[in-house]
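*Asks:* Here the working numbering runs 22 ahead of the position in the sequence shown, where the first position is 1. Note that the Cβ used here is the ideal one computed from N, Cα and C, for glycine as well. Pasting a structure here, questions to come.
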Amino acid sequence: MRQSKLFTKTRKEAPADEISKNAQLLIRGGFINKEMAGVYSYLPLGLKVFKKIENIIREEMNAIGGQEIVLSSLQEKETWEPTDQWNDENIDVWFKTKLKNETELGLAVTHEAAITKMLKNFLQSYRDLPQYVYQFQTKFRNEIRAKSGIMRCREFVMKDLYSFDIDEKAHLEFYEKSKKAYKTIFERVGIGHLTYLTFASGGMFSPFSHEFQTLTSAGEDTIYVDESKGIAINKEVNNDEVLAKLGVKKEDLVEHRAVEVGNIFTLGTRFSDALDLKYQTEEGEKKSVFMGSYGIGPGRVMGTVVEVLSDDKGIIWPEAIAPFRVHLLSLGEDEAIIAEANKVYETLVKNKVEVLFDDRIGMSAGEKFADADLLGMPLRAVVSQRSIKELGIELKKRTEEKGQVVSLDELLKMLETKA
Ligand code: ATP
Ligand code: MG
23 MRQSKLFTKT RKEAPADEIS KNAQLLIRGG FINKEMAGVY SYLPLGLKVF
73 KKIENIIREE MNAIGGQEIV LSSLQEKETW EPTDQWNDEN IDVWFKTKLK
123 NETELGLAVT HEAAITKMLK NFLQSYRDLP QYVYQFQTKF RNEIRAKSGI
173 MRCREFVMKD LYSFDIDEKA HLEFYEKSKK AYKTIFERVG IGHLTYLTFA
223 SGGMFSPFSH EFQTLTSAGE DTIYVDESKG IAINKEVNND EVLAKLGVKK
273 EDLVEHRAVE VGNIFTLGTR FSDALDLKYQ TEEGEKKSVF MGSYGIGPGR
323 VMGTVVEVLS DDKGIIWPEA IAPFRVHLLS LGEDEAIIAE ANKVYETLVK
373 NKVEVLFDDR IGMSAGEKFA DADLLGMPLR AVVSQRSIKE LGIELKKRTE
423 EKGQVVSLDE LLKMLETKA
């Protein structure tokens, strides 16, 4: 991608009303656009990151048997009445509307009831189970506070998977698999070292639910971490009884600010009972399907990455989710430099290296370096008067102070591609 062709531009200042670091950096870099408080659009660079995170999640969900779908965002009142969740006292973040004929509709806050209702059309026998169904789908929530940039939006995409099993035992086997998959996801996106499996309150069917909490001062949650065990406990279940159950000592717990990047929850038969999702057992008996739900917000993950992996110059993308692997800069308007930089660019493209080429003219080296730091690609490759006098390309990791000069062949080798 040639930066000169990108419609977005970097900017020195974020909007004055934007207080969160993730939104400030992402807006300044042109990754996202702020539409209003808690509502952001994804622009080319930001969408690339988002899609990479989405794809990592998709791969891990497919690996544990997930089938991808997309449910609708418009939901009817009748879907949520059986569990009394149309009631604003039970779900207080609904955006609701009415059709011209007075029919009441809502914009999806979540999808437990909707998917249960949909699957009634397909699940009848024990032979139809288990099923693990997921989507990347837009949720709308009238959140009270929306001050955390893309970490808390009023419109956001969620990956929500729902599990449908014959009984609790089968459910728990999948539940454990999902825990591992979540751990892998957070490792792959680059926040594994800061993310803890966190015990939170369960529901009717389970003593606990589990959250995946990433340590950051930008988080809105408080958790208690047992570093030696690698687990954490949510505020709401931090009591003597729970500590004893988990074999955790009070004195080993350290309080941290954190953000919930994902959660997994045993739903049991709450929805299948209420919406009458039953299957026939081998013995011909009718039983309620045993369910679970598993959420991750890819946008919140992206915001969290920016919060925990940036410095005073800008973002530091982990390679797995960086919009581009290499940021190539041509410095100077000299024809020889432009020709050399173009050659490097074309060669990288030919070798399928994801590269952003800062081919913009009329900009100082300082401005281009500052933009490269702000945008945060893992590798910066500079073609300049100086680099041409040596081997050709000055290469530097985003995390390094000083780089090295390499030839194009060496660069390709380092990127593990053939010249
Ligand atoms: P929180 O307590 O932070 O509001 P939640 O318990 O409401 O989260 P869920 O409804 O379980 O979250 O949603 C599943 C996942 O969706 C969360 O773990 C998070 O990653 C993401 N998520 C939830 N709310 C938002 C939001 N307003 N903006 C962006 N992502 C969100
Ligand atoms: Mg919430």
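Would the beta-carbon of GLU76 be found less than 7 angstroms away from any heavy atom of ligand 1?
*Replies:* Walking along the sequence shown from the start, residue 76 turns up at place 54. Every heavy atom of ligand 1 is 7 angstroms or more from the Cβ of GLU76, so no.
*Asks:* Do ASN364 and LEU434 have their C-beta atoms closer together than 8 angstroms?
*Replies:* Counted from its first residue, the sequence shown places residue 364 at position 342. Counted from its first residue, the sequence shown places residue 434 at position 412. No, they are not a contact pair.
*Asks:* Quick one: Cα of ALA192 to Cα of LYS199, how far?
*Replies:* Walking along the sequence shown from the start, residue 192 turns up at place 170. Walking along the sequence shown from the start, residue 199 turns up at place 177. When rounded, the distance between both Cα atoms is 11 angstroms.
*Asks:* Is there contact between the segment 375–383 and the segment 348–359, where contact requires at least three CB pairs shorter than 8 angstroms?
*Replies:* As far as the Cβ criterion goes, the segment 375–383 touches the segment 348–359, which means the pair count is three or higher.
*Asks:* Would the C-beta of THR125 count as close to ligand 1, meaning under 7 angstroms from any of its heavy atoms?
*Replies:* Translated into the one-based positions of the sequence shown, residue 125 becomes position 103. No; taking the cut-off as 7 angstroms, the Cβ of THR125 has no heavy atom of ligand 1 nearer than that.
*Asks:* Would PHE162 pass as a contact of VAL131 if the rule is Cβ separation under 8 angstroms?
*Replies:* As a first step, residue 162 must be located in the sequence shown, where it is residue number 140. As a first step, residue 131 must be located in the sequence shown, where it is residue number 109. Yes, these two residues count as a Cβ contact at 8 angstroms.
*Asks:* If you follow the alpha helix (DSSP H) that GLY398 is part of, which residue opens it and which one closes it?
*Replies:* Indexing the sequence shown from 1 puts residue 398 at position 376. From DSSP, GLY398 is part of no alpha helix (DSSP H); its letter is neither H nor E.
*Asks:* On a Cα-Cα basis, can you pick out the residue from GLN146, THR138 and GLU165 that is closest to TYR156?
*Replies:* Along the sequence shown, one-based indexing puts residue 156 at 134. Nearest C-alpha to TYR156: THR138.
*Asks:* For the segment 269–351, list the alpha helix (DSSP H) runs that are entirely contained and at least 4 residues long, ordered along the chain.
*Replies:* For the segment 269–351, whole alpha helix (DSSP H) runs of length 4 or above, ordered along the chain, are 292–297 and 320–330.
*Asks:* Which runs of the beta strand (DSSP E) fall wholly inside the segment 88–120 and span at least 3 residues, in chain order?
*Replies:* Listed in chain order, the complete beta strand (DSSP E) runs (minimum 3 residues) inside the segment 88–120 are 96–98 and 117–120.
*Asks:* Between the C-alpha atoms of MET173 and ASP298, what's the straight-line distance to the nearest angstrom?
*Replies:* Here residue 173 refers to the residue found at position 151 when the sequence shown is read from its first residue. Here residue 298 refers to the residue found at position 276 when the sequence shown is read from its first residue. Using only the alpha carbons, I get a separation of about 35 angstroms.
*Asks:* Determine, using beta-carbon pairs with one atom in the segment 319–329 and one in the segment 166–186, whether at least three such pairs fall under 8 angstroms.
*Replies:* Yes: the two stretches touch, three or more of their Cβ pairs being nearer than 8 angstroms.
*Asks:* Return the residue from the list ASP189, LEU96, GLU111 and ASP110 that minimises the CA-CA distance to LEU121.
*Replies:* Here the question's residue 121 lines up with position 99 in the sequence shown. Of the listed residues, the one whose Cα sits closest to LEU121 is LEU96.
*Asks:* Identify, in the order they occur along the chain, each residue of the same chain with its Cβ nearer than 7 angstroms to the Cβ of GLU277, setting aside the five sequence neighbours on each side.
*Replies:* The count along the sequence shown starts at 1 and reaches residue 277 at position 255. Cβ within range, chain order: THR244 and TYR246.
*Asks:* In angstroms, rounded to a whole number, what distance separates the CA positions of ASP39 and ASP187?
*Replies:* Taking the first residue of the sequence shown as 1, we reach residue 39 at position 17. Taking the first residue of the sequence shown as 1, we reach residue 187 at position 165. Roughly 47 angstroms between the two C-alpha positions.
*Asks:* Tell me which residues share the same chain as ALA441 and place their Cβ nearer than 8 angstroms to its Cβ, disregarding the 5 neighbours each side in the sequence.
*Replies:* Start at 1 with the first residue of the sequence shown, and residue 441 comes out as number 419. Per-residue confidence for ALA441 stands at a pLDDT of 42, beneath the threshold of 50, marking its modelled position as unreliable; no derived number is given.
*Asks:* Quick check: what's the CA-CA separation for ASP114 versus LEU289?
*Replies:* As a position in the sequence shown, residue 114 is number 92, starting the count at 1. As a position in the sequence shown, residue 289 is number 267, starting the count at 1. Computed Cα separation, rounded: 20 angstroms.
*Asks:* In terms of alpha-carbon separation, which member of ILE41, SER42, ASN55 and MET23 lies closest to ARG33?
*Replies:* Here the question's residue 33 lines up with position 11 in the sequence shown. For ARG33, the nearest C-alpha among the options comes from ASN55.
*Asks:* Among ILE41, THR30, GLU90 and GLU35, which has the Cα closest to the Cα of LEU69?
*Replies:* Indexing the sequence shown from 1 puts residue 69 at position 47. It is THR30.
*Asks:* Can you tell me whether LYS271 is buried or exposed? The criterion is at least 16 other CB atoms within 10 Å of its CB, across all chains shown.
*Replies:* Position 249 of the sequence shown holds residue 271. Per the 10 Å Cβ criterion, exposed.
*Asks:* Is GLY306 buried or exposed, if buried means 16 or more other CB atoms sit within 10 Å of its CB?
*Replies:* In the sequence shown, the residue the question calls residue 306 occupies position 284. Its Cβ having fewer than 16 others within 10 Å, GLY306 is exposed.
*Asks:* For SER406, does the count of other Cβ atoms within 10 angstroms reach 16, so buried, or fall short, so exposed?
*Replies:* On the sequence shown, residue 406 is found 384 positions in, with the first residue counted as 1. SER406 comes out buried.
*Asks:* Restricting to Cα atoms, I'd like to know which of ASN260, LYS202 and VAL428 is closest to ILE86.
*Replies:* Taking the first residue of the sequence shown as 1, we reach residue 86 at position 64. Comparing Cα-Cα distances from ILE86 to each of ASN260, LYS202 and VAL428, the minimum goes to LYS202.
*Asks:* Counting C-beta neighbours from all protein chains within 10 Å, is the total for GLU387 16 or more, i.e. buried, or is it exposed?
*Replies:* Here residue 387 refers to the residue found at position 365 when the sequence shown is read from its first residue. Contrary to the premise, residue 387 reads as Ala rather than Glu in this sequence. By the 10 Å Cβ count, ALA387 comes out exposed.
*Asks:* What three-state label does DSSP hand GLY224 in the structure shown?
*Replies:* Taking the first residue of the sequence shown as position 1, residue 224 is located at position 202. GLY224: strand per DSSP, three-state reduction.
*Asks:* Can you round the beta-carbon distance between ASN285 and HIS215 to whole angstroms, since I take them to be within the 8 angstroms contact cut?
*Replies:* In the sequence shown, the residue the question calls residue 285 occupies position 263. In the sequence shown, the residue the question calls residue 215 occupies position 193. No, ASN285 and HIS215 are not in contact; Cβ-Cβ is about 20 angstroms, not under 8 angstroms.
*Asks:* Below 7 angstroms, is the gap between the Cβ of GLY317 and the nearest heavy atom of ligand 1?
*Replies:* For the purposes of this step, residue 317 is identified with residue 295 of the sequence shown, where counting begins at 1. Result yes, Cβ under 7 angstroms from ligand 1.
*Asks:* In terms of residue numbering, what span does the beta strand (DSSP E) encompassing ALA36 cover?
*Replies:* The residue you call residue 36 lines up with position 14 of the sequence shown. Note, ALA36: premise wrong, no beta strand (DSSP E); not H, not E.
*Asks:* Name the two residues that bound the continuous alpha helix (DSSP H) containing LEU430.
*Replies:* Taking the first residue of the sequence shown as position 1, residue 430 is located at position 408. Here the alpha helix (DSSP H) through LEU430 covers 430–436.
*Asks:* Following the continuous alpha helix (DSSP H) through LEU22, name the residue where it begins and the one where it ends.
*Replies:* Residue numbering for the chain in the displayed model covers 23 to 441; residue 22 lies beyond these limits and cannot be assessed.
*Asks:* LEU401 and VAL348 look like a contact to me (Cβ under 8 angstroms); what is the Cβ gap, rounded to whole Å?
*Replies:* Position 379 of the sequence shown, counting from 1, holds the residue named residue 401. Position 326 of the sequence shown, counting from 1, holds the residue named residue 348. Rounded, the Cβ-Cβ distance is 5 angstroms, consistent with contact.
*Asks:* Is LEU145 helix, strand or coil when you go by DSSP?
*Replies:* Mapped onto the sequence shown, residue 145 falls at position 123. Correct three-state label for LEU145: coil.
*Asks:* Report yes if the C-beta of ASN260 is less than 7 angstroms from at least one heavy atom of ligand 1; otherwise report no.
*Replies:* By 1-based counting over the sequence shown, the position of residue 260 is 238. The answer is no for ASN260.
*Asks:* Tell me where the alpha helix (DSSP H) around MET5 begins and ends.
*Replies:* Because the chain here runs from 23 to 441, residue 5 falls outside it and cannot be looked at.
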